[in-house]
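Start counting the sequence shown at 1263; every next residue gets the next number (the numbering used here).
Just so you know, even glycine gets a beta-carbon here, dropped at the ideal spot from N, CA and C.
The structure presented is a predicted model; accordingly, all values stated were derived computationally and were not measured.
Each remark here refers to the structure printed beneath this line.
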Amino acid sequence: MNKFTAVFAVLTLTVSASVSANPCMSIAQACMKEGYYKGGNTVGKGLIEDCVMPVVSKSKTLPNTAFSDSDLANCGAVLKNKMP
């Protein structure tokens, strides 16, 4: 295995671990596709407040998306731990 392959393998593992470590990522990405963004809460387009949290609580749906109950529960647990 050459040095490039080794570095690429480590980078791939790191990226995979960081994505799987955040269960809200797929929900946040779907929200961003619908125009929600960080800091957008002043105009009703806040990424977390106006989209991710309502999706997790099942009071909001996004077109052409479906999240498993476990994804929603895991994201909800993360949000609960991060919110004051």
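| Check | Outcome |
| --- | --- |
| Nearest to D1333 (by Cα), restricted to the options K1307, M1315, L1309 | M1315 |
| Exposure of V1305, with buried meaning 16 or more beta-carbon neighbours within 10 Å | exposed |
| Cβ neighbours of P1285 in the same chain (closer than 7 angstroms, five flanking residues each side left out) | D1333, N1336, C1337, V1340 |
| Sequence-distant residues of its chain with Cβ nearer than 7 angstroms to Y1298 (five each side left out) | K1307, G1308, L1309, D1312, C1313 |
| Cross-strand partners of G1308 (DSSP beta bridge) | Y1299 |
| Rounded C-alpha distance that separates T1323 from C1293 | 10 angstroms |
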